[in-house]
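Numbering (this note's numbering), first residue to last: 22 to 465. Don't be surprised by glycine CBs; every beta carbon is placed ideally from N, CA and C.
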């Protein structure tokens, strides 16, 4: 794995600071025959002004900032060819280089990736013209190509300079900019066709349209950013609330201090191991925190009884799954966690409780937490007994695989535990959880 990372880093170290500038120089050289500033000084002057304007009128999205100059460059390619696009790219890069701390390597790499994008889109334009595609279809294809090539090359540069994953950078850029970026390109295509049909004066209403769009997007994404901050604040509050609630649940049962958060931890690790989405992983974690919430409804004399429980008392203890289910159901919150709360004591062979579910009738969330719950119950110390050694507890998981526990999940869980360093594993098992500390702080 490390070898692959080193090879990837070396390739980026060649392509970005060396390959991009060399490619730009070669493309410049190929465009020299088309470079006739005396005949096209008006075009160059107009695109210089448009570039300056667009550089200072960016569109801010949730994840990044888009410059309007991409639309200016794209329109230049459509109307006049690659040489105008290259002119705008160079002007923009020089402006930005002097506005911020100048870094010649980054500036050359940025010019290189833009020039390569322009050249590739212009080449595609010539191919589409050769096959006589309609202007509308041709413009849409080129807009998509410009977007794709630009973010791929830009992400490569970001990946090199900031030591990030190239694929993850591409994914994040595409996720955050796709619709806005393509809208800019489409509007640039429409504007170019209007100029082509009705003359240069149509640039005025198009500039006004871009200015309005920039303002609208700024307001829109500013509102989204504020909403996102509020959502994060609510999430943070919910997490603190749930952590304190877990501590309160565990505090009622003196034998299970910190149990809920440890179950949540192992549940989250299993969910990640089997490739669940981040949203589902979070649900599993919260489900682990709340899985024993029904113990609130169990009498203290039963919950904290030192001796062996009578059959009637054990039946009462088993009711905590149903009590917890009813609490969450009536509260109208965290309904996605109901399976975790009601069914985490079900067994694959149907001998569990409260419903005697069999195999795939048991929700995945409950299957995951059943393993987490059982493991922590076995290895954690209790006042009346010492916790089992980890190896013995894992053997119990193996023996229960296919009868008590889901076979595939059991295998994944055993792999997770066996791959952990011994010190880290012992720390997880023996630590006094943050929830208990927070509860004590709240009380005192």
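Starting from the Cα of residue i, find the closest Cα among the options and give me that residue.
i           : options               : result
residue 225 : 371, 376 and 70       : 70
residue 139 : 107, 124 and 150      : 107
residue 314 : 293, 303, 352 and 421 : 352
residue 421 : 441, 392 and 223      : 392
residue 347 : 336, 363, 248 and 186 : 363
residue 377 : 339, 395 and 414      : 339
residue 375 : 385, 327 and 337      : 337
residue 466 : 217, 286 and 205      : Outside the shown range of the chain (22 to 465) lies residue 466, about which nothing can therefore be said.
residue 192 : 215, 382, 211 and 172 : 172
residue 48  : 144, 28, 115 and 124  : 144
residue 158 : 207, 184 and 115      : 207
residue 427 : 450, 381 and 440      : 381
residue 344 : 331, 360 and 332      : 360
residue 289 : 358, 196, 187 and 390 : 390
Around the C-beta of residue i, are 16 or more other C-beta atoms found within 10 angstroms, so that it is buried, or is it exposed?
i           : result
residue 131 : buried
residue 299 : exposed
residue 36  : buried
residue 388 : buried
residue 62  : exposed
residue 150 : exposed
residue 431 : buried
residue 367 : buried
residue 112 : buried
residue 75  : buried
residue 201 : buried
residue 306 : buried
residue 356 : exposed
Once you ignore the five residues that flank residue i on each side, which residues in its own chain have a CB closer than 8 Å to its CB?
i           : result
residue 154 : 162
residue 465 : With a pLDDT of only 38 at residue 465, under the threshold of 50, the placement of this residue in the model should not be trusted, and no figure is reported.
residue 141 : 166 and 170
residue 462 : Only weak support is given to the placement of residue 462: the predicted model assigns it a pLDDT of 44, under 50, and the question is left unresolved by the model.
residue 417 : 395, 399 and 409
Alpha helix (DSSP H) containing residue i: first to last residue?
i           : result
residue 376 : Here residue 376 belongs to no alpha helix (DSSP H), and DSSP marks it neither H nor E.
residue 165 : 156-183
residue 443 : 443-451
residue 298 : Here residue 298 belongs to no alpha helix (DSSP H), and DSSP marks it neither H nor E.
residue 71  : 62-76
residue 345 : 341-352
residue 433 : 428-440
residue 116 : 103-120
residue 53  : Taken as a continuous stretch (DSSP letters only), residue 53 belongs to no alpha helix (DSSP H), as it is neither H nor E.
residue 411 : 411-421
residue 425 : Premise fails: residue 425 is in no alpha helix (DSSP H) and is neither H nor E.
residue 331 : That residue, residue 331, is in no alpha helix (DSSP H); it is neither H nor E in DSSP.
residue 358 : Residue 358 -> no alpha helix (DSSP H), and no H or E assigned at all.
Among residues of its own chain, excluding the 5 on either side of residue i, which ones have a beta-carbon nearer than 7 Å to its beta-carbon?
i           : result
residue 64  : 101 and 105
residue 109 : 68, 72, 90, 93, 94 and 97
State the Cα-Cα distance for the pair residue i and residue j, rounded to the nearest angstrom.
i           : j           : result
residue 291 : residue 434 : 6 Å
residue 31  : residue 129 : 19 Å
residue 424 : residue 303 : 27 Å
residue 329 : residue 400 : 20 Å
residue 397 : residue 283 : 7 Å
residue 177 : residue 92  : 21 Å
residue 466 : residue 349 : There is no way to answer for residue 466, as the model of the chain reaches only from 22 to 465.
residue 444 : residue 411 : 12 Å
residue 213 : residue 40  : 32 Å
residue 446 : residue 286 : 12 Å
residue 448 : residue 29  : 36 Å
residue 148 : residue 54  : 20 Å
residue 52  : residue 293 : 51 Å
residue 419 : residue 316 : 28 Å
residue 115 : residue 77  : 13 Å
residue 466 : residue 194 : Because the chain in this structure spans residues 22 to 465, residue 466 falls outside the shown range and cannot be described.
residue 414 : residue 438 : 11 Å
residue 310 : residue 325 : 20 Å
residue 451 : residue 436 : 20 Å
What residues in its chain sit with their C-beta under 6 Å from that of residue i, if we drop five residues either side in the sequence?
i           : result
residue 181 : 33 and 37
residue 45  : 132, 133 and 136
residue 335 : none
residue 365 : 312, 387, 390, 391 and 394
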